[in-house]
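Below is one structure, written out as structure tokens; the observations come after it.
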Amino acid sequence: MRLFKESAWQSKFKQSVLYGFIAFIITISIAVFGIITYTNDSSKDNSRRVFESSLWNALQLQVQSYRFLNYLIALDENDYPLNGNAFFEYDLLMSRVDLLREGAVGSLIRTFEGGRTIRLLNIINGELELLSFNLSRMEGGDSSYLPNLIDRVQRIEDQINEFVTLVNKGSNEYITAEHQILQKNLNYIQLLSMALLVCLLLFCFFTIKGLSELRRVFRHNKNLTLGIQTVHEDKANMLSFINQEIRFPVNVIMGVANTLNHPTSINDTKVLSKHIEESGHQLLQTIEMLSDLALIDAKKLTLTPTTEHLPSIIEDCLTLFEPQMARKDLQSVVYIDPLLSKLIHLDFIRTKEIIIALLQNAIAHTPSGSISLQIRPSALSAPKISLPTGMKEASVLQIALRDTGLGMPNDLQQNLRINPALPMQKEGPMPSKVGLSLALCHKLVYLMQGEMHFSSAPQKGSEFWIDIPFYVPNTSLTAQQTTFRCPDKTHALLIETDAHLAKVISLQLATFNIDVAFSKDGSFQEHKDFDLVIIGNTPKFEREANDAISQRQAKACPIFSYHPQAINTPEYPVIALHFPLTQSQLEPLIASVFTHQSRSKKANNHD
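full-length UniProt numbering puts the sequence shown at residues 1 to 607.
Put into structure tokens, the structure is as follows:
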């Protein structure tokens with residue numbers, strides 16, 4: 001548990017680091033955009049300031065030269081001494097020259113017109129430097145230098161105008177070139193920004209995808225952890241279930257073995273040995289079921305179809321449970337529809353396991369009453385698959401087992417209502433929920449591409465019907481046996497209060513061409529025209545048996561019975577029937593009776 005907590009903590013820490021890294025990348029991207037934008041704006045502002053300064057200073061040089069010239073022209077005798085005013089105007093003019101020669105403006109002007117502007121500026125600067133001597137004389141009060149000074153200023157006026165023109169032209173060319181460079185750089189920046197944006201979007205996409213994948217992995221990890229826990233719980237439940245299943249037969253074997261250490265008689269030894277044999281078979285059967293369940297869950301169980309005699313296999317299944325049903329006084333009957341081929345190609349080992357599982361469930365939920373097993377053609381169509389060699393067609397048989405017991409609990413029924421063929425239901429019922437036999441039966445049915453259905457009602461019993469596909473061998477390989485048939489219009493009276501048992505027995509007799517009439521209350525003496533009477537469960541047998549048997553004796557009507565008192569009646573030979581009641585048990589009895597009657601009638605007619 002501590003390991004799971006540490007793993008969860010590490011997962012949260014890694015997730016926090018990932019989120020922090022994503023936030024860091026987004027912050028860096030925003031900062032890069034901001035720096036690019038700010039740098040671009042700063043470059044534009046600086047270029048604009050230098051451009052404007054060069055033009056402004058050039059114009060100021062021109063303006064200041066005009067002002068200086070006007071100042072000189074406007075001087076008269078009353079202005080002397082000048083008291084430094086001339087030098088003030090001169091210094092203003094020279095400051096404009098200095099601004100154009102130095103700094104970023106000077107560097108820019110040097111590039112205009114191949115350096116012509118800077119040469120003009122140097123000429124202008126040299127000419128203005130020569131004016132300082134004349135100005136110093138004028139400041140001393142000598143006005144004779146004024147005309148020469150005015151003339152010299154006027155002579156550099158053309159050079160100043162040309163300089164301003166060249167600066168203006170060069171500035172325009174410079175700003176045009178700078179605009180083109182800035183536009184080109186802006187295009188590059190836009191391309192880089194778009195590339196960065198695409199990379200950021202891709203990064204966000206892969207990040208989101210990675211986060212979703214990470215969440216999926218976390219969920220998968222959590223589900224695996226829960227699955228492992230569930231597997232451990234299922235393993236513990238399965239071991240507990242196995243212990244519970246095998247404990248009873250093992251305890252019986254150990255108890256019988258302990259009793260055999262002090263035997264009282266030979267009969268007791270035989271009975272106890274039979275108990276050991278029965279418990280041993282039950283234990284082996286449980287182990288085989290558990291093994292098959294494990295193989296089915298591991299998808300390693302393979303079907304092995306063989307061609308066998310269907311009635312023999314079915315009757316052998318009931319024979320296995322004869323001791324258990326005898327102890328509970330359960331009456332069992334088997335009916336195999338004659339429309340089914342007696343030799344069929346099927347995995348009889350798995351089919352036998354299915355029938356055994358159904359019988360075990362029926363015996364467990366039926367404290368008293370009857371159990372019937374019917375094998376008949378199914379209404380379902382056979383799956384369209386290629387036929388194995390030697391087979392002529394594919395068909396579907398139905399195994400229907402019904403009991404008159406207590407019915408199944410609702411929770412067991414709900415757990416059985418699972419169809420693995422549906423998309424949302426991939427697993428069969430758990431053995432701990434429905435029992436080992438039904439869990440194996442359910443999985444085997446769907447493994448054999450069959451279907452399983454059932455109905456159950458409290459105190460009214462349960463009925464299972466299972467459809468399983470099979471193959472019919474070629475006629476040349478099929479050894480069909482002819483069933484004995486009684487003469488037409490052969491009638492039998494069946495005295496039985498259990499309608500379920502009576503219905504199946506009537507189906508058995510119908511295979512021998514015998515029509516059956518029923519009597520539930522046991523008052524059968526009024527029926528006089530029957531060729532056969534079968535005495536079953538009837539509450540009135542004790543007080544009416546003598547009259548009935550006397551009437552049948554007068555007519556020489558054979559009587560079959562599985563009623564204990566009827567079998568032990570000495571006045572009339574009653575042919576005993578035993579459970580499980582099968583068609584193979586009835587056929588020789590009916591054949592012998594009706595063959596003897598036919599011979600007696602022929603002898604009487606001959607006499």
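Heads up, the beta-carbon is just placed ideally off N, CA and C, and yes, glycines get one too.
* Asked: Could you give the C-beta distance for residue 62 and residue 160, rounded to a whole number, given that I count them as a contact under 8 Å?
  -> 5 Å
* In chain order, each alpha helix (DSSP H) run of at least 4 residues that lies wholly inside the segment 109-197 -> 116-139 and 146-155
* Asked: With 16 other CB atoms within 10 Å as the buried threshold, where does residue 119 fall?
  -> exposed
* How many Å lie between residue 489 and residue 512 at the Cα? -> 11 Å
* Asked: So residue 305 and residue 390 are in contact, right, with Cβ under 8 Å, and what is the actual spacing, rounded?
  -> The Cβ separation is near 11 Å, so there is no contact.
* To do: Kindly list the residues whose CB is nearer than 6 Å to the CB of residue 64, restricted to its own chain and excluding five residues on each side of it in sequence; keep chain order.
  => 92, 93 and 96
* Asked: For residue 22, which residues of its own chain have a beta-carbon under 6 Å away from its beta-carbon, when the five flanking residues on both sides are left out?
  -> 207
* Asked: Mind pulling the alpha helix (DSSP H) runs of 4 or more residues that sit fully within the segment 293-376?
  -> 310-320, 322-327 and 348-364
* Quick one: Cα of residue 525 to Cα of residue 312, how far? -> Confidence in residue 525 is poor, its pLDDT being 48 and thus under 50, which makes the residue's placement unreliable; the coordinate value appears in the next sentence. When rounded, the distance between both Cα atoms is 37 Å.
* Asked: Do residue 153 and residue 117 have their C-beta atoms within less than 7 Å of each other?
  -> no
* For residue 318 and residue 454, the rounded distance between their alpha carbons -> 20 Å
* C-beta contact flag for residue 108 and residue 54 at 7 Å -> yes
* Asked: In its own chain, which residues sit with a C-beta less than 8 Å from the C-beta of residue 606, not counting the 5 before and 5 after it?
  -> The predicted position of residue 606 is uncertain, since its pLDDT is 47 and thus under 50; a value taken from the coordinates is nonetheless stated next. Nothing meets the Cβ criterion.
* residue 590 versus residue 310: straight-line alpha-carbon distance, rounded -> 22 Å
* Endpoints, the alpha helix (DSSP H) within which residue 658 is located -> The displayed coordinates of the chain run from 1 to 607. Any statement about residue 658 would go beyond what the structure contains.
* Asked: Ends of the beta strand (DSSP E) at residue 491?
  -> 490-495
* To do: Let me know the secondary structure DSSP gives residue 448 once reduced to three states.
  => coil
* To do: In the DSSP assignment, find the unbroken alpha helix (DSSP H) run with residue 74 in it and report its ends.
  => No alpha helix (DSSP H) contains residue 74, which DSSP labels as neither H nor E.
* alpha helix (DSSP H) containing residue 613: first to last residue? -> The question about residue 613 has no answer here: the residues shown for the chain are numbered 1 through 607.
* Asked: Would you report the Cα separation of residue 388 and residue 444, rounded to the nearest angstrom?
  -> 21 Å
* Pair within 7 Å by beta-carbon distance, residue 351 and residue 403 -> no
* Roughly how many angstroms lie between the CA atoms of residue 284 and residue 360, to the nearest whole one? -> 15 Å
* Can you give me the Cβ contacts of residue 477 inside the same chain, cut-off strictly under 8 Å, excluding the 5 residues immediately before and after it? => Caution is warranted here: a pLDDT of 45 is assigned to residue 477, below 50, making its placement in the model unreliable, and no coordinate value can be reported.
* Taking all protein chains shown into account, decide if residue 4 is buried (16 or more other Cβ within 10 angstroms of its Cβ) or exposed. => For residue 4, the predicted structure reports a pLDDT of 42, less than 50, and the residue's modelled location is therefore unreliable. The matter cannot be settled from this model.
* Can you tell me where the alpha helix (DSSP H) with residue 432 in it begins and where it stops? -> 431-434
* Count the other CB atoms within 10 Å of the CB of residue 213; is the residue buried (16 or more) or exposed (fewer)? -> exposed
* Asked: Is the number of C-beta pairs between the segment 394-402 and the segment 366-380 that are closer than 8 Å three or more?
  -> yes
* Coarse secondary structure for residue 398, derived from DSSP in three states -> strand
* Asked: How would you write the range of the beta strand (DSSP E) that residue 418 sits in, first residue to last?
  -> No beta strand (DSSP E) holds residue 418; DSSP gives it neither H nor E.
* **As assigned by DSSP and simplified to three states, the class of residue 406** => coil
* What's the C-alpha gap between residue 560 and residue 583? -> 14 Å
* Asked: Which partner residues does residue 533 have in the DSSP bridge list?
  -> 493 and 559
* Taking buried to mean at least 16 other C-beta atoms within 10 Å of its own C-beta, is residue 231 buried or exposed? -> exposed
* Are the beta-carbon atoms belonging to residue 314 and residue 441 less than 7 Å from one another? -> no
* Asked: Do you know how far the Cα of residue 191 is from the Cα of residue 19?
  -> 28 Å
* To do: Could you say which of 335, 181, 383 and 491 lies nearest to residue 581 if we only look at CA atoms?
  => 335
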